[in-house]
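In terms of this note's numbering, the numbers along the sequence shown are unbroken and rise by one, the last being 1103.
Positions of the beta carbon are idealized from the N, C-alpha and C atoms, including for glycine.
Treat the numbers as computed from the prediction; the structure is a model and nothing was measured.
Single-structure report; data block below.
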Amino acid sequence: MSVPKVTCLTPSPRGYVLADDRICRTPMRVTRIAPDLVHGRGITYGAYFEGITGVISKDAYTRLVDATGKQLAEDISLADIEEILIYAEKHGSDYHPARIEVMVNEGRAAFVMNVAVTARGRAWLCREFEVLQSLNRRYDFPFLPKTYFQGEAPLPSMLMFLADWFEGYHEFHLAMDEGRSQKLVLWDTRKDTCRLSRPQAWQIYHQIAKILTLYYDLETFEQIFPWHHAAGDFVVKTHGKSVDVRLVTARQYAPMLEHSEGVSVHEALLFFLLNLSVRMRLDRLDGVGVVAWADDDCVDATTAGFVEGLRAKQGKGFIDESCVTGFLQYGRSLSKKDLSDRFHVLVDAYDQAAPDIPAIRDHLDRHVSKFHLALQGALLDKKRT
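Below you can see the structure in the form of structure tokens.
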């Protein structure tokens, strides 16, 4: 039986380089900021690559061959695979994703292997694998990655699952230009970073709001949360002046409010929107710096995307028109004080030790004013159409 060649690579200032003996002996960052110990020992890049290789090669690569065939919509055998490339991509607080390229004849399949090594990361990963499978069965949307299989590598123990890699999509983050003005930049690893235009930034926030609204369940109040721009949870592909957004993770799908609390459908949907409007503005400068707060344009884009998401849910038959019009009427009836009271209840319910809290509280009053104007504008625009 022929075994495909496996090549492992790591990022460097010169691009991706082969993981030689020196690199393989290098400790891997287990947390976002530094190497650490797991189960009393460090994890090297060599152990990381060996763990991934061990999982994908199990049972003569059967599961990887099956995943490759499904992604390419072809009948694939192990003999068709010429080479497997494993790229160490990044190190987050919970996951250490690797991009896997499977070279097949004239084609190529691209996957992500999400790897967790810490106790918290492993717990999140187990939950997320189930959430992604459930949401992809429930909704016929293209925004989340399709999952294939889960596996575990021993000594040191690493839990991981394979999913589709969104080819050509990249992280985006807030940054400051030379004049200390805020900008949104796309992290294209092939071209370094590029500044996104104001209309492109508006489209990104608009599409994110629409995506999260599409996955929101008005009956159970379930939603995809948590998510954070600083974690790179949403990725973007540019097409000239337009953009396309995908969500690479769904760590949890649960209600923020419970029916037992006597909350109406409209009130629960409002709190979903309030939380969405706050979280949408949060990032870290350059993805890893201080907490950053997006400009006011973000609020207009978020509210417009939310309303468009509701209309799209109606068009797909998930909700009826009376539910949409009822909420729009409810939203128009709310005063600025009504919204302010609810925003403060929402923020008081957040983890007060979270690093985002000071920025949220510093900007909350202005955010309430901007949100009130944006909400009324978005609802009135939809009323005219």
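query, result
"If we call anything under 8 Å between Cβ atoms a contact, is valine 773 one with threonine 836?", "no"
"For alanine 1071, is the classification buried or exposed, using 16 other Cβ atoms within 10 angstroms of its Cβ as the cut-off for buried?", "exposed"
"Starting from the Cα of threonine 956, find the closest Cα among Phe990, Thr931, Ala927, Pro917 and give me that residue.", "Pro917"
"Rounded to a whole number of angstroms, what is the C-alpha to C-alpha distance between tyrosine 734 and arginine 964?", "24 Å"
"Which same chain residues, not among the five before or five after isoleucine 741, have their C-beta less than 6 Å away from its C-beta?", "Thr728, Tyr763"
"Under the three-state reduction of DSSP, which class applies to alanine 919: helix, strand or coil?", "helix"
"Going along the chain, which residues of its own chain have a beta-carbon closer than 7 Å to the beta-carbon of isoleucine 1106, five neighbours each way excluded?", "Given a span of 719 to 1103 for the chain in the structure shown, any question on residue 1106 remains unanswerable."
"Indicate the three-state DSSP secondary structure (helix, strand or coil) for asparagine 854 in the structure shown.", "helix"
"Determine contact between the segment 1079-1097 and the segment 1011-1018, defined as no fewer than three beta-carbon pairs at a distance below 8 Å.", "yes"
"Please report the distance separating the alpha-carbon of glutamine 868 from that of tyrosine 779.", "13 Å"
"Considering only the alpha carbon of each residue, which of Gly1033, Asn993, Asp1018 lies closest to aspartate 1066?", "Asn993"
"Distance check for threonine 1020 and isoleucine 926, CA to CA, integer angstroms please.", "8 Å"
"Do aspartate 1001 and leucine 892 have their beta-carbon atoms positioned less than 8 Å apart in this structure?", "yes"
"Tell me which same chain residues have a C-beta within less than 7 Å of the C-beta of isoleucine 929, skipping the five on either side of it?", "Phe861, Val963, Leu965"
"Alpha carbons only, please: which of Ala972, Val954, Asp935 is nearest the one belonging to phenylalanine 943?", "Ala972"
"Taking just the CA atoms, how far does glycine 825 sit from glycine 1044?", "50 Å"
"If the criterion is Cβ atoms closer than 8 Å, does the pair glutamine 789 and aspartate 882 meet it?", "yes"
"So what's glutamine 900 in DSSP terms, helix, strand or just coil?", "strand"
"Between methionine 876 and alanine 834, which are expected to be in contact by the criterion C-beta below 8 Å, what is the C-beta distance as a whole number of angstroms?", "7 Å"
"What span of residues does the beta strand (DSSP E) with phenylalanine 829 cover, start to end?", "825-834"
"For aspartate 739 and alanine 828, what's the separation of their Cα atoms in angstroms?", "26 Å"
"Give a yes or no on whether the C-beta atoms belonging to histidine 947 and glycine 1023 are separated by under 8 Å.", "no"
"Can you name, in chain order, every residue of its own chain whose Cβ lies under 7 Å from the Cβ of lysine 864, other than the five neighbours on each side?", "Asn854, Ala881, Asp882"
"Using the C-alpha atoms, what's the distance from alanine 841 back to glycine 769?", "18 Å"
"Do you know whose CA, among Ala986, Pro745, Lys808, Glu896, lies nearest cysteine 1041's CA?", "Ala986"
"Below 7 Å CB to CB, which residues in the same chain sit around glycine 1027 once its five sequence neighbours on both sides are set aside?", "Ala927, Lys928, Thr931, Leu932"
"Taking only three categories from DSSP, how would you classify phenylalanine 943?", "coil"
"Would you say phenylalanine 939 and leucine 975 are within 8 Å of each other, going by their C-beta atoms?", "yes"
"I think alanine 949 touches valine 1025, with their Cβ atoms under 8 Å apart; what is that distance to the nearest whole Å?", "About 26 Å; that fails the 8 Å criterion."
"So, with DSSP's three-state summary, where would you put tryptophan 1011?", "strand"
"Does histidine 757 pass the burial test, meaning 16 or more other C-beta atoms within 10 Å, or should it be called exposed?", "In this prediction, histidine 757 has a pLDDT of 45, which is less than 50 and means its spatial position is unreliable; nothing more can be read from the coordinates."
"Out of Glu889, Phe879, Thr967, Val1086, which has the shortest C-alpha to C-alpha gap to lysine 1055?", "Val1086"
"Do methionine 831 and methionine 894 count as a contact pair if the criterion is CB distance below 8 Å?", "no"
"On a Cα-Cα basis, can you pick out the residue from Ile799, Phe859, Tyr805 that is closest to serine 730?", "Tyr805"
"Have a look at Arg838, Ala871, Pro815, Val903 and flag the residue whose alpha-carbon is nearest the alpha-carbon of phenylalanine 884.", "Pro815"
"Leaving out the 5 sequence neighbours to the left and right, which residues in its chain are closer than 8 Å to aspartate 1038 when beta-carbon positions are compared?", "Gln1032"
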